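Taken in order, the sequence shown gives residues 0 to 309; the numbers are from numbering that gives the first Met the number 0. A virtual CB, placed ideally from N, CA and C, is assigned to each residue, including glycine. Quick caveat: nothing in here was measured; it's all calculated off a predicted structure. Each remark here refers to the structure printed beneath this line.
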Amino acid sequence: MNAQANIQASLPKQVKIVEVGPRDGLQNEKETISAEVKIELVNRLTNAGFVNIEAASFVSPKWVPQMATSTEVMAGITRKAGVIYSALTPNMKGFESALLASADEVVIFSSASEAFAQKNINCSIAESIERFRDVAAAAKQHGLRLRGSISCAFGCPYQGEVTPEQVADVVKLMRDLGCDEIDIADTIGVGTPRHVQTVMQLVAQEFPIAQISGHFHDTYGQALANIYASMEVGVSIFHSSVAGLGGCPYAKGATGNVATEDVLFMMQGLGIHTGVDLNQVVDAGQFISQHLGRKAVSRAGNAIAAKRLA
0 MNAQANIQAS
10 LPKQVKIVEV
20 GPRDGLQNEK
30 ETISAEVKIE
40 LVNRLTNAGF
50 VNIEAASFVS
60 PKWVPQMATS
70 TEVMAGITRK
80 AGVIYSALTP
90 NMKGFESALL
100 ASADEVVIFS
110 SASEAFAQKN
120 INCSIAESIE
130 RFRDVAAAAK
140 QHGLRLRGSI
150 SCAFGCPYQG
160 EVTPEQVADV
170 VKLMRDLGCD
180 EIDIADTIGV
190 GTPRHVQTVM
200 QLVAQEFPIA
210 QISGHFHDTY
220 GQALANIYAS
230 MEVGVSIFHS
240 SVAGLGGCPY
250 AKGATGNVAT
260 EDVLFMMQGL
270 GIHTGVDLNQ
280 VVDAGQFISQ
290 HLGRKAVSRA
300 GNAIAAKRLA
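Rendered as structure tokens:
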């Protein structure tokens with residue numbers, strides 16, 4: 000076996016891309032985006048071939064005004080069989096709204112950093128898990144998928160270093176709640192490939208690696224490298240945001256999620272199957288960027304769009 004074949008053998012043949020743009024990507028936009036535009040975006044992403052789209056957030060509009068139209072969005076999208084439409088649910092009130100909106104998956108969230116948990120959700124990590132116990136039980140009772148998301152898994156804007164052991168401890172708590180999938184999130188984008196591999200290998204001792212996902216921000220330009228490093232140790236689920244939308248309101252300096260177009264371009268080059276049409280995602284990225292009045296934060300997306308005009 001030659002060197003090229005050895006490298007290819009260490010990577011998955013297929014990955015799942017969870018598109019988080021409609022929720023995580025848009026939630027911090029200051030200008031109100033209409034439900035119609037959000038519905039159009041989700042429909043475009045559905046048509047592009049994603050099997051999991053984070054479409055809504057049932058948090059208080061007081062805290063996240065942009066997500067106030069989530070019920071309308073979930074009612075208006077054209078659903079496709081086999082596609083999981085996810086919603087963030089911070090409590091039982093949020094869960095009940097998600098249930099009425101026919102969400103396929105509910106997302107609960109904590110942090111690997113105590114300081115960030117206090118800033119983001121005003122409680123300790125242990126308290127956040129207790130808050131979600133009823134949500135987790137209700138999700139199981141109603142046959143919904145349950146996804147857990149762990150913020151600041153590679154560093155925190157308030158406490159600095161976060162150890163791999165701290166991340167693994169929260170993974171165990173999420174596992175015991177019954178999560179079907181757990182996101183390891185680099186909220187401030189400070190992770191680097193070797194660090195990422197160390198964390199992923201450790202958490203895989205507590206939860207099946209096939210159900211662990213990487214959620215990387217590109218603050219320091221490391222997101223694609225971190226995705227590649229994660230694949231080398233067996234991770235095959237990744238989050239990305241069309242046009243590179245998004246950030247975190249509680250993490251100073253945290254720029255957007257890695258752009259979906261860039262991830263797809265890399266996967267295409269590696270011969271890894273995603274089931275997603277890159278050209279349609281580029282169109283969706285240009286669509287939402289035009290509505291936001293700015294250029295997409297995606298090198299691949301902008302290059303492909305420019306090439307069409309040449």
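Between the segment 188-205 and the segment 115-125, the count of C-beta pairs closer than 8 Å stays below three; the two stretches do not touch. In the three-state reduction of the DSSP assignment, R144 falls in the strand class.
Shown here, Y227 sits in a helix according to DSSP, grouped into three states. In this structure, the straight-line span from the alpha carbon of R307 to that of V241 is close to 19 Å. If you keep only unbroken beta strand (DSSP E) runs of at least 3 residues inside the segment 114-189, you get 144-150 and 180-185. Around the beta-carbon of N278, fewer than 16 other beta-carbon atoms lie within 10 Å, marking it exposed.
Inter-segment contact for the segment 31-43 and the segment 293-307 is absent: fewer than three beta-carbon pairs are separated by less than 8 Å.
Apart from the 5 residues on each side of it in sequence, G48 sits with its Cβ closer than 7 Å to the Cβ of G274, V275 and D276 in its chain, given in chain order. If you look at N51, you'll find it in the beta strand (DSSP E) that goes N51 to S56. M266 and A54 have their alpha carbons spaced roughly 23 Å apart. Under the 8 Å Cβ criterion, the segment 172-188 counts as touching the segment 214-230, having at least three qualifying pairs. Between A100 and T70, the CB-CB gap stays under 8 Å.
Comparing alpha-carbon positions, the option among G20, A222, A224 and I226 lying closest to S85 turns out to be G20. A direct Cα-to-Cα measurement between L172 and N301 gives close to 41 Å. If only uninterrupted alpha helix (DSSP H) runs of at least 4 residues are considered, those enclosed by the segment 58-103 are 69-75 and 91-99.
Counting only the Cα atoms, Q140 lies some 37 Å from G284.
In this structure, the beta-carbon distance from F237 to I16 falls below 8 Å. In this structure, the beta-carbon distance from H272 to Q26 does not fall below 8 Å. Taking A111 as the centre and dropping the five residues before and after it, the same chain places the C-beta of I149, C151, A152, V161, Q165, V166 and V169 closer than 6 Å to its C-beta, in chain order. Judged by DSSP secondary structure, S288 falls outside any beta strand (DSSP E) and instead within the alpha helix (DSSP H) spanning L277 to L291.
Under DSSP, E30 takes part in no beta bridge, so it has no partner.
Of the candidates G154, V72 and P163, G154 places its Cα closest to the Cα of A114.
Around the beta carbon of S9, fewer than 16 other beta carbons lie within 10 angstroms, which makes this residue exposed. Check the Cα spacing between R144 and each of K29, Y157 and T88: the tightest is with T88. In this chain, the beta strand (DSSP E) harbouring V17 covers K15 to E18.
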